[in-house]
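In the numbering used here, the protein residues as written are 1306 to 1428. Worksheet for the structure shown next.
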């Protein structure tokens, strides 16, 4: 009988290197798995992450699997722009409201050297 089976039989939970368990707090467990496996790390840009080689390899395998399923059903892939004009978002204001906090607004498209040697928006 395996250690895991013995623990279950005795009413105990199997011990894992990551706590909490997936069942207890999935979001925290997932973050710890990603960090422990060195798949990705947080970025200085809020809400973004740097996907490392092993993490990217997993992502490529997921894409490959999904791509095969999509094409088998006659679907075609498409890419959409990362930047969306504010006027488009305003047309769909009610829909956008649900994820407005996740939107980043780009207000400048060019930087230049400022008087103190730092970068400032051009203009």
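Ideal Cβ placement from N, Cα and C applies to all residues, glycine included.
- prompt: DSSP three-state call for residue 1349: helix, strand or coil?
  reply: Residue 1349 falls in the coil class under three-state DSSP.
message: Which residue marks the beginning of the beta strand (DSSP E) containing residue 1389, and which one marks its end?
response: Careful: residue 1389 lies outside any beta strand (DSSP E) and carries neither H nor E.
query: Mapping DSSP to helix, strand and coil, what is residue 1363?
result: Correct three-state label for residue 1363: helix.
query: When the Cα atoms are used, what is the spatial distance from residue 1384 to residue 1420?
result: Going from the Cα of residue 1384 to the Cα of residue 1420 covers about 40 Å.
For residue 1410, the three-state DSSP class (helix, strand or coil): In this structure, DSSP gives residue 1410 a state outside helix and strand, which the three-state scheme calls coil.
message: For residue 1325 and residue 1391, what's the separation of their Cα atoms in angstroms?
response: Cα-Cα distance, rounded: 41 Å.
task: Check whether the segment 1340-1348 touches the segment 1400-1409, counting contact only when three or more Cβ pairs, one atom from each stretch, lie closer than 8 Å.
output: Not touching, per the Cβ criterion.
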